[in-house]
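Peer 1: Mind looking over this structure? Questions follow.
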Amino acid sequence: MSRPRKAQALTADEIRRLCAFLYRHTGMIFGESKRYYIERRVADRMAATGTHTFPAYFAYIESNGGEVEHLINIFTVNETYFYREEHQLRCLSRSLLPAIVENRQPGDLVRIWSVPCSTGEEPYSVAIWLLENWPMVDAYHIEIVGSDIDTRVLFEAEDGDYGERALARLPRDVVERYFEPPRDGQRRLIQDLRESVKFTAANLIDAASVAAQGRFDVIFCRNVLIYFDDASRLLAVNNLFNALHPEGYICLGHTESMTRISKRFDLRRFEDAIVYQRPGSDRDG
Numbered sequence: 002m003s004r005p006r007k008a009q010a011l012t013a014d015e016i017r018r019l020c021a022f023l024y025r026h027t028g029m030i031f032g033e034s035k036r037y038y039i040e041r042r043v044a045d046r047m048a049a050t051g052t053h054t055f056p057a058y059f060a061y062i063e064s065n066g067g068e069v070e071h072l073i074n075i076f077t078v079n080e081t082y083f084y085r086e087e088h089q090l091r092c093l094s095r096s097l098l099p100a101i102v103e104n105r106q107p108g109d110l111v112r113i114w115s116v117p118c119s120t121g122e123e124p125y126s127v128a129i130w131l132l133e134n135w136p137m138v139d140a141y142h143i144e145i146v147g148s149d150i151d152t153r154v155l156f157e158a159e160d161g162d163y164g165e166r167a168l169a170r171l172p173r174d175v176v177e178r179y180f181e182p183p184r185d186g187q188r189r190l191i192q193d194l195r196e197s198v199k200f201t202a203a204n205l206i207d208a209a210s211v212a213a214q215g216r217f218d219v220i221f222c223r224n225v226l227i228y229f230d231d232a233s234r235l236l237a238v239n240n241l242f243n244a245l246h247p248e249g250y251i252c253l254g255h256t257e258s259m260t261r262i263s264k265r266f267d268l269r270r271f272e273d274a275i276v277y278q279r280p281g282s283d284r285d286g
């Protein structure tokens with residue numbers, strides 16, 4: 002058995018260079034307090050690329066876009082599960098979608114975006130929840146998109162294969178209805194459900210990347226803004242604002258507050274959740 006590669010100790014300046022590089026590309030903040038976390042992941046990528054010193058590796062990533070993608074992938078957080086923050090799903094079916102379709106015709110397009118979507122639990126949760134809980138689901142053309150900066154997890158999301166931990170909050174009858182029989186401790190989503198969600202790569206701090214996804218009626222952007230600094234957070238939120246149709250809604254994580262970031266959104270209190278709405282007429286802030 003081969004021993005794991007020992008993490009190379011990085012100097013304070015090398016840590017700063019790498020953290021600045023990650024910040025430019027992702028908007029996420031890393032620092033000296035996460036030295037061990039950083040060194041372990043850099044050691045893994047140095048082993049994979051055959052570089053033996055940090056300067057050699059840094060020169061490699063600066064000239065190799067594919068390695069930038071690999072580096073970003075190993076620094077992103079991807080833990081999630083089905084029906085996370087279920088109260089927002091109730092709000093979606095009871096309040097948000099009825100308001101959205103009030104002035105639309107049967108067959109009209111309704112777009113929902115999950116970003117970051119990680120390995121797909123969130124957008125698939127939306128699809129399952131609507132099939133189970135929104136009587137009008139078949140009356141409209143519902144398009145669900147899941148996006149993430151981590152291209153590795155998008156392949157896992159498309160595969161739709163999950164362990165019991167990810168499924169723990171789903172009612173057992175729902176699991177039986179929408180997942181294939183268990184195999185080696187995993188259960189795969191049925192094909193119809195896998196094909197109901199589209200997955201794309203997107204970077205929240207890149208305006209062109211966000212704009213390429215089109216406009217949405219509802220956005221779920223949960224538990225990612227907490228990793229940004231104020232400048233990146235505002236940049237991401239402005240990009241999300243532009244990705245919403247006027248009067249569209251955005252749902253954040255339970256520890257996140259839009260009012261601390263931007264005044265462009267209206268706070269909306271519904272029975273099941275607090276969400277934020279793009280006004281019908283735009284304002285600065």
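Letter by letter, the sequence shown follows residues 2 to 286 in the working numbering.
No residue lacks a Cβ here, since even glycine has one placed at the ideal position from N, Cα and C.
Source: prediction; values computed, not measured.
1) Out of 237, 141 and 90, which has the shortest C-alpha to C-alpha gap to residue 206?
2) How far does the beta strand (DSSP E) with residue 114 in it extend, from its first residue to its last?
3) Counting beta carbon pairs with one atom in the region 111-118 and one in the region 176-186, are three or more of them shorter than 8 angstroms?
4) Can you tell me which of 282, 15, 99 and 200 puts its alpha carbon nearest to the alpha carbon of residue 118?
5) Mind checking which residues open and close the beta strand (DSSP E) that includes residue 213?
6) For residue 171 versus residue 228, is the C-beta spacing smaller than 7 angstroms?
7) Looking at the C-beta of residue 258, does it have a partner C-beta in chain C at a distance below 7 angstroms?
8) Measuring straight from C-alpha to C-alpha, what distance separates residue 156 and residue 202?
9) Compute the distance between the beta-carbons of residue 158 and residue 121, then report whether it is under 7 angstroms.
10) With H, G and I counted as helix, E and B as strand and the rest as coil, what does DSSP make of residue 188?
11) Leaving out the 5 sequence neighbours to the left and right, which residues in its chain are closer than 6 angstroms to residue 195 when beta-carbon positions are compared?
12) Determine contact between the region 242-253 and the region 208-216, defined as no fewer than three beta-carbon pairs at a distance below 8 angstroms.
13) Nearest CA to the CA of residue 145: which residue from 152, 73 and 128?
14) Restricting to Cα atoms, I'd like to know which of 40, 226 and 248 is closest to residue 218.
15) So, residue 55 versus residue 11, is the Cβ gap smaller than 7 angstroms?
16) Tell me the DSSP bridge mates of residue 253?
17) Helix, strand or coil: how does DSSP classify residue 89 here?
18) Here's a check: name, in chain order, each residue in its chain whose Cβ is nearer than 8 angstroms to the Cβ of residue 108, leaving out the five neighbours to either side.
19) By a C-beta neighbour count over all protein chains shown, 10 Å radius and 16 as the cutoff for buried, is residue 27 buried or exposed?
20) The ligand NAP and residue 40: does any heavy atom of the ligand fall closer than 6 angstroms to the residue's C-beta?
21) Report, in whole angstroms, the separation of the C-beta atoms of residue 176 and residue 188, which I expect to be a contact under 8 angstroms.
22) Which two residues bound the contiguous beta strand (DSSP E) that contains residue 143?
23) Three-state secondary structure (DSSP) at residue 29?
24) Could you tell me whether the Cβ atoms of residue 278 and residue 270 are closer together than 7 angstroms?
25) Can you list, in chain order, the residues of its chain with a C-beta nearer than 6 angstroms to that of residue 52? Leave out the 5 residues immediately preceding and following it.
26) CB-CB under 8 angstroms to residue 150, same chain, minus the five flanking residues each way: which ones, in chain order?
Peer 2: Put simply:
1) 237
2) 110-115
3) No: the two stretches stay apart, fewer than three of their Cβ pairs being nearer than 8 angstroms.
4) 200
5) Neither: residue 213 is in no beta strand (DSSP E) and is coded neither H nor E.
6) no
7) Absent from the structure is chain C; it holds one protein chain and no more.
8) 11 angstroms
9) yes
10) strand
11) 161
12) yes
13) Of the candidates 152, 73 and 128, the one whose C-alpha sits nearest the C-alpha of residue 145 is 128.
14) 248
15) yes
16) 222
17) Look at residue 89 here: in three-state DSSP terms it is helix.
18) 140, 141 and 142
19) buried
20) Summarising the ligand content, the structure contains no ligands, and the ligand NAP is consequently not present.
21) Right, the Cβ-Cβ distance comes to about 7 angstroms (below 8 angstroms), so this counts as a contact.
22) 142-149
23) strand
24) no
25) 58 and 61
26) The residues are 27, 73, 77, 117, 202, 203, 204 and 205.
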